[in-house]
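To start, the structure under review is shown below, and the notes come after it.
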Amino acid sequence: MDLTLKIDTSIVKSNKEETSKQTYSRQNKSKRSSASERRWKMKVIAYDAGTTGLKTCLFEISKEDSVRFLTGEVGTYALNVLENGGIEQNPEEWWSVICKTTRQLLANTGTAPQEIKGISFCSQMQTVV
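Reading the sequence shown from the start, the letters are residues 100 to 228 in my numbering.
Encoded structure:
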């Protein structure tokens, strides 16, 4: 199954140094681009912290204006219901699951940590403290 989708890469910004290198490179080379420049890709990890679990996904963003889902891992954490009806979670458990799923994702894909050029988080928003 192909999970590739087109995006507007103007919203995807690489770090300043990389951008200036690319600009300098374009100004000082012929109009032919090398094969490596045509195949430019950036890997990004996205985390979705839900009520009872975390989804950790690896995406690849290419120079050709596409985003491709590579793989994902899921981890769970406890939801503690209090006597008064309140609900609490342990932030240290969130961190533990983030670390565990990230390690699994990198190991399962053979991706080195240095290959990750960005991270993104979304969560249950206002309920997270």
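No residue lacks a Cβ here, since even glycine has one placed at the ideal position from N, Cα and C. Just so you know, these numbers come straight off a predicted model, no measurement behind them.
Which residue comes first and which comes last in the beta strand (DSSP E) that contains T200?
-> Premise fails: T200 lies in the alpha helix (DSSP H), 190–208, not in any beta strand (DSSP E).
Contact check, E172 vs L205, beta carbons under 7 Å | no
Of the residues A148, G152, L157, T150, the one placed nearest K142, counting alpha carbons only = L157
Count the other CB atoms, across all protein chains shown, that sit within 10 Å of the CB of V180; report buried if there are 16 or more and exposed otherwise.
-> exposed
Going straight from the alpha carbon of S165 to that of A145, what length do you get?
-> 16 Å
The beta strand (DSSP E) enclosing Y146, as first and last residue numbers | 140–148
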